[in-house]
Amino acid sequence: MSTDDSRASASPRATAPMATAPTAAAPTTVASGSSSPAAKPGSTLDRRIVAARVIVTCPGRNFVTLRIETQAGVVGLGDATLNGRELAVAAYLTEHVIPVLIGRDAGQIEDIWQFLYRGAYWRRGPVTMTAIAAVDVALWDILGKMAGLPLYQLLGGRSREGALVYCHANGRDISEASDQVGRYIEQGYKAVRAQAGVPGLRKTYGVSASGKAYEPAESELPLETVWSTPKYLRSAPELFERVRADHGWDLELLHDVHHRLTPIEAARLAKDVEPFRLFWLEDATPAENQKSFELIRKHSVTPLAVGEVFNSIWDCKHLIESQLIDYIRTTIVHGGGITHIRRLADFAAIHQVRTGFHGATDLSPVCMGAALHFDTWVPNFGIQEYMHHSQETLDVFPHDYVFRDGRLHCGESPGHGVSIDETLAAKFPYSPKQLPIARLEDGGMWDW
Ligand code: EZ4
Ligand code: CO
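Each step along the sequence shown adds one to the number in the working numbering, with nothing skipped, and position 442 is 488.
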């Protein structure tokens, strides 16, 4: 890929649109990228982008959505939500991206992706890649609507019945968590993530106050929580021993360490939970140093999943190439959209790494819709996370995906099948919220 870069920057095709990019004030000035004959000016297939804007809404939690419209009136939506940093992405889009989109051909999805990635000079990073993803998904949505086809069909068609999902069971203690696993089995789930409070710690990642749905970004300024690795390492294996004893072996069990262990501690946990046959152990250690996973692999055959905080193929190149992980979690909204995640999935496939997309509540139904179409097509699908959105959120984002028999099924409507009720969205104004932080018992900063 890096050798491509020098060729691309020398290519007149890649540089010409930048030189002639129209401004928002002159939407009728057509960039050279918009002069493709298929655009048929004035026809119902006129793909010229004439408007784009960002919608911020907080139906229970904050969401940022990009809305792009073509000359022919086709509208596409992309999720641009980055939890706790929402307005940074909104400003990136409004100030720097939307002005260069106006006048372009919405059908040139790849060229627009390259323009926003290579053309920005400053590459990667969650804010940039989330903004690019929002544009990319909105353009795929537009393409589907113009073609009258669901997104999965544009990607290459259906590979499976539906996407196996896992939901989140949690409890203040092991017995409460195991009871909740039981309730999800009754609802038809075939895979469940289990998290439990740690004895001696007041608040633990993934565990809600009694009866409330878990929502990590809960305060305007970061909530300070306390973490103890020894306490956690003692209780975590007991959780899975109990869940297997209560619910047997016909269930896929998952667990999220949420980056809190060092590599050797992660190896210890992966080894201790081996008898309980997890589907995966997630984010066992922070992954900036991809080589650190070699240590975990040396000690255990517990399958490993990583990548919800990644935003590029380069964040997981060594992890995948060296087969240090089994599932890649990077999903569409934070990884540059369908155009980049498709490359990542193909790269993963040749190393027998499967997808396991992030699907927490902070990824909007727009991302979920796009992800489910991707899951329906991608040959190396593993599982899809499904942390339920609130009813208010679902009302703001009308969608056609449904849960049935432990799987989520994307709909058949053209594009990704998710829209926004802007009148309702306007009733829920932005409310600043940040993610918590974690400190050790002596006050030293740790990974949340
Ligand atoms: O903490 O999406 O696997 N799921 C997770 C999530 C993340 C949030 C952060 O915004 O780790 O709950
Ligand atoms: Co996670």
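Positions of the beta carbon are idealized from the N, C-alpha and C atoms, including for glycine.
Since the model is a prediction, treat every value here as computed from it, not as a measurement.
- Checking the 7 Å criterion, the Cβ of E367 is out of range of every heavy atom belonging to the ligand EZ4.
- Taken from the Cβ of D329, at least one heavy atom of the ligand CO lies inside 7 Å.
- If the five residues before and after P196 are omitted, its C-beta is found closer than 6 Å to the C-beta atoms of E458, all from its own chain and listed in chain order.
- Nearest in C-alpha terms to S410, of all of F339, R107, D92, is R107.
- A distance criterion of 7 Å places the beta-carbon of L481 in contact range of the ligand EZ4, judged by its closest non-hydrogen atom.
- Judged by DSSP in its simplified three-state form, V244 adopts coil rather than helix or strand.
- Distances taken from the Cβ of D467 to the heavy atoms of the ligand CO include none shorter than 7 Å.
- Under the three-pair Cβ rule at 8 Å, the region 478 to 488 does not count as touching the region 110 to 119.
- As a beta-bridge residue in DSSP terms, D151 pairs with R94.
- Rounded to the nearest whole angstrom, the C-alpha separation of D302 and Q241 is 7 Å.
- A straight-line Cα-Cα distance of about 31 Å links G203 and D329.
- Between the alpha carbons of F449 and G234 lies a distance of about 9 Å.
- Pairing G415 with M433 gives a Cβ-Cβ distance that is not under 8 Å.
- In the DSSP assignment, A215 forms a beta bridge with A240.
- As far as DSSP is concerned, S274 takes part in no beta bridge.
- According to DSSP, residue pairing for I483 in a beta bridge involves E270.
- Proximity of the beta carbon of D125 to the ligand CO is not indicated: no heavy atom of the ligand is located closer than 7 Å.
- N216 and T140 have their C-alpha atoms some 38 Å from each other.
- Segment contact: the region 387 to 398 against the region 362 to 371, three or more CB-CB distances shorter than 8 Å; contact assigned.
- In the three-state DSSP reduction, Q430 falls in the strand class (E or B).
- In the structure shown, Y373 falls within a strand segment according to DSSP collapsed to helix, strand and coil.
- The continuous beta strand (DSSP E) containing V110 extends over residues 109 to 116.
- For H214, same chain residues with a beta-carbon under 6 Å away, outside a window of 5 residues either side, are R239, M433 in chain order.
- Annotated three-state conformation of P321 is helix, per DSSP.
- The criterion of a C-beta distance shorter than 8 Å is not satisfied by V272 and R290.
- Taking C-alpha positions only, R169 is separated from N357 by approximately 11 Å.
- Where E222 is concerned, the enclosing alpha helix (DSSP H) starts and stops at 220 to 232.
- About 4 Å separates the CB atoms of C413 and V379; that is less than 8 Å, so the two are in contact.
- No heavy atom of the ligand EZ4 is found nearer than 7 Å to the CB of N216.
- When beta bridges are read from the DSSP output, V102 appears opposite V110.
- For secondary structure counted as the beta strand (DSSP E) over 3 or more consecutive residues, the region 277 to 362 holds these complete runs in sequence order: 298 to 302, 326 to 328, 350 to 352.
- Exposed is the label assigned to D451, since fewer than 16 other Cβ atoms lie within 10 Å of its Cβ.
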